[in-house]
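Undergrad:
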Amino acid sequence: MFCVGSKIIFADGKVAIARNGADIVRILSMGTNVTSIECKADSLKLNIVFSDGAASEIFCENSDLLEKYTLNVDGITFDDATKIAVCFMDTGEKAADYAWEKA
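Add 1 to the 1-based position in the sequence shown for our numbering, that's all there is to it.
#1: Going by beta carbon distance, what residues of the same chain come within less than 7 Å of Ile38, once the five residues before and after it are set aside?
#2: Measure the beta-carbon distance from Asn63 to Leu45 and round it to whole angstroms, keeping in mind my assumption that it falls under 8 Å.
#3: Can you tell me whether Thr92 is helix, strand or coil according to DSSP?
#4: Is the beta carbon of Glu102 sitting closer than 9 Å to the one on Leu72?
#5: Starting from Phe23 and walking both ways along the alpha helix (DSSP H), at which residues does that stretch end?
#6: How many whole angstroms separate the CB atoms of Val35 and Phe11, which I take to be in contact at a CB cut-off of 8 Å?
#7: Using DSSP's beta-bridge definition, name the partner residues of Ile77.
#8: Residues in the same chain with beta-carbon distance under 6 Å from Ala96, minus the five sequence neighbours each way, listed in chain order, please.
#9: Compare the beta carbon distance of Ala19 and Met90 with 9 Å and say whether it is the shorter of the two.
#10: Beta strand (DSSP E) containing Ser37: first to last residue?
#11: Considering Cα atoms alone, identify which of Asp80, Ala42 and Ala100 is closest to Ile28.
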C-alpha cells in the first residue's frame with residue numbers, strides 16, 4: 002500500500018503536509034492547536050477531527066469497497082489520535098488496537 006500523504010490543519014488556518022508517520026509525530030509534537038488530520042492512501046481515507054484539544058470524530062473510509070468505519074472517541078486522547086494517524090500513514094490500515102465500528 003502506497004500512502005499518498007496527510008494534511009494537518011491548524012486552528013489558525015495554516016496547513017502542514019506529512020509524507021509519513023515520522024512527519025506526523027514531528028509536526029504534532031510542536032504543540033500547536035490542530036483542528037484536523039486528513040490522511041489518504043490510494044482508495045482509503047482517514048479523518049480525525051479535533052475539538053478543544055481532543056478527538057471529536059474519527060472515521061476511515063474505503064471508496065473501493067464502499068465501506069466506512071468510525072471510532073468511538075470517548076477516552077481517545079490526542080496521543081491516541083496521533084498513534085492512529087501514524088499507523089495509517091505507515092501501513093495504510095486502521096489501527097487494530099481500537100474498536101472500529103462499521104458505519
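Beta carbons are placed, not taken as given, at the ideal position from N, Cα and C, and that holds for glycine.
TA: Quick look at the numbers:
#1: Sequence index remark: in the sequence shown, residue 38 carries index 37 (1-based). Excluding sequence neighbours, Ile38 sits near Ser7, Ile9, Ile49 and Ala86.
#2: In the sequence shown, counting from the first residue as 1, residue 63 sits at position 62. In the sequence shown, counting from the first residue as 1, residue 45 sits at position 44. Rounded, the Cβ-Cβ distance is 5 Å, consistent with contact.
#3: One-based indexing of the sequence shown puts residue 92 at position 91. Residue state, collapsed to three classes: helix.
#4: Here residue 102 refers to the residue found at position 101 of the sequence shown. Here residue 72 refers to the residue found at position 71 of the sequence shown. Yes; because the gap between Cβ atoms is below 9 Å, this pair is in contact.
#5: In the sequence shown, residue 23 corresponds to position 22, counting from 1. Residue identity check: residue 23 is Ala in the sequence provided, not Phe. Looking at the DSSP string, the run of the alpha helix (DSSP H) that includes Ala23 is Gly22 to Leu29.
#6: Translated into the one-based positions of the sequence shown, residue 35 becomes position 34. Translated into the one-based positions of the sequence shown, residue 11 becomes position 10. Sure, about 6 Å apart at Cβ, within 8 Å.
#7: By one-based count along the sequence shown, residue 77 stands at place 76. Paired residue(s): none; Ile77 is not in a bridge.
#8: Here residue 96 is taken as the residue at index 95 of the sequence shown, counted from 1. Hits under 6 Å: Ile85 and Cys88.
#9: In the sequence shown, the residue the question calls residue 19 occupies position 18. In the sequence shown, the residue the question calls residue 90 occupies position 89. Going by C-beta atoms, Ala19 is nearer than 9 Å to Met90.
#10: Counting from one through the sequence shown, the residue named residue 37 turns up at place 36. Residues Val35 to Ala42.
#11: Numbered from 1 along the sequence shown, position 27 holds the residue referred to as residue 28. Closest by alpha carbon: Asp80.
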